[in-house]
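**Q** Numbering (my numbering), first residue to last: 1229 to 1533.
Each residue gets a CB set at the ideal place from its N, CA and C atoms; glycine is no exception.
(1) How big is the Cα-Cα spacing for residue 1483 and residue 1497?
(2) Is the beta carbon of residue 1501 sitting closer than 8 Å to the one on residue 1460?
(3) Along the chain, where does the beta strand (DSSP E) containing residue 1402 start, and where does it finish?
(4) Determine the contact status of residue 1495 and residue 1353, defining contact as a CB-CB distance below 8 Å.
(5) Between 1411, 1432 and 1499, which has its C-alpha nearest residue 1377's C-alpha?
(6) Using 10 angstroms around the beta-carbon of residue 1475, count the other beta-carbons present and answer buried if the total reaches 16, otherwise exposed.
(7) What are the boundary residues of the alpha helix (DSSP H) that includes residue 1360?
(8) Measure the alpha-carbon distance for residue 1385 versus residue 1329 and round it to whole angstroms.
(9) Assuming residue 1547 contacts residue 1492 under a Cβ cut-off of 8 Å, what Cβ separation, rounded to an integer in Å, is found between them?
(10) Got a sec? Which residues, its chain only, sit under 7 Å from residue 1371 by beta carbon, not counting five neighbours each side?
(11) Where do the ends of the beta strand (DSSP E) carrying residue 1464 lie?
(12) What are the complete alpha helix (DSSP H) segments, minimum 4 residues, inside the stretch 1398 to 1439?
(13) State the Cα-Cα distance for the pair residue 1361 and residue 1443, rounded to the nearest angstrom.
(14) Please give me, in chain order, every unbroken run of the alpha helix (DSSP H) with length at least 4 that falls completely inside the stretch 1467 to 1533.
(15) Less than 8 Å between the C-beta atoms of residue 1394 and residue 1419, yes or no?
(16) Compare the C-alpha of residue 1333 against each of 1365, 1473, 1348 and 1465 and name the closest.
(17) For residue 1195, I'd like the list of residues in its chain whose CB is within less than 6 Å of its CB, leaving aside the five on either flank, ordered along the chain.
(18) Going by the DSSP bridge assignment, what does residue 1459 pair with across the sheet?
(19) Let me confirm a value: residue 1349 is counted as buried when at least 16 other C-beta atoms fall within 10 Å, else exposed. Which label applies?
(20) By the three-class DSSP mapping on this structure, what secondary structure does residue 1348 have?
(21) With distances taken Cα to Cα, identify the nearest neighbour of residue 1507 among 1469, 1523, 1380 and 1436.
(22) Less than 8 Å separating the beta-carbons of residue 1464 and residue 1351?
(23) Near residue 1433, what residues of its chain come up, given a Cβ to Cβ distance below 6 Å and the 5 sequence neighbours on each side ignored?
(24) Measuring only the C-alpha atoms, how far is residue 1447 from residue 1413?
(25) On a Cα-Cα basis, can you pick out the residue from 1369, 1344 and 1422 that is closest to residue 1391?
(26) Quick one, are the C-beta atoms of residue 1183 and residue 1529 less than 8 Å apart?
(27) Alpha carbons only, please: which of 1452, 1466 and 1451 is nearest the one belonging to residue 1458?
(28) Check each candidate in 1318, 1522 and 1517 and name the one with the smallest Cα separation from residue 1357.
(29) So the candidates are 1415, 1399 and 1320; which of them puts its Cα closest to the Cα of residue 1405?
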């Protein structure tokens, strides 16, 4: 039985756990509060019980050129640039302040996602796609995900998070003056503010995301990829959000009878400040997925000898 794609199912959650909206959904009968033991592949069964990690450090250098929000812990390996776009061409483009063409990013992603470890363990992609055209590139490269997970947070909540965000230049750790304060006075005294964490810039980034995300999700739906939206606003902790995302992926595995337990390929979407960076790292550990970001692909290409 394939995953039903025309029936909407909204599991009931407690107020503590928040709400979960399934745009293209499936109903496995799996309760988020009490998961049913299932037989999964090693990549899906090794669920971490580690404490919630700190947010990932922010990579400011490449984000404006490839629109990637943060530096991820993608497994390092040599990346071959397309023949027409070698390392020097990419470096020159970045130096001139231009965006790297979608086709080049798509070519790098195709090579990365086709590697053995991605086929064996599945992959988790965030920071891409950022437009509906980039979804088509994934389709053309036969790199569509098995599911798209969208983290939903309201703009005012995001503004509050981002305006209070601070970075430790020594460690790269991210703190929040209201929700995640620095551990010591020494750390607090050296915290800095990102240049793009001004109210004007944040509102611009959010407006851009809001204008693009409907087209992105529509494109995925047109390619028959299930889309799940998960509320992660005020009152939803990082641990609760992680549980809901994990449960969604496990639900997909249970309902995919054509290949039960098969590692899944996930695109994680969400607005700036929604916490998808730290969630991506947790999911990498929980499921053994290969975490891929376009920022790291470009960086590895530039560092290739």
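**A** Considering the structure as presented:
(1) 22 Å
(2) no
(3) 1402 to 1404
(4) yes
(5) 1499
(6) buried
(7) 1360 to 1368
(8) 33 Å
(9) Since the first residue of the chain shown is 1229 and the last is 1533, residue 1547 is not available in this structure.
(10) 1337, 1338 and 1341
(11) Premise fails: residue 1464 is in no beta strand (DSSP E) and is neither H nor E.
(12) 1413 to 1417
(13) 9 Å
(14) 1504 to 1515 and 1522 to 1531
(15) yes
(16) 1365
(17) Examination of residue 1195 is not possible in this model, given that the chain is present from 1229 through 1533 alone.
(18) 1380
(19) buried
(20) helix
(21) 1469
(22) no
(23) 1500
(24) 48 Å
(25) 1422
(26) A question about residue 1183 goes unanswered here, because the residues of the chain that appear run from 1229 up to 1533.
(27) 1466
(28) 1522
(29) 1415
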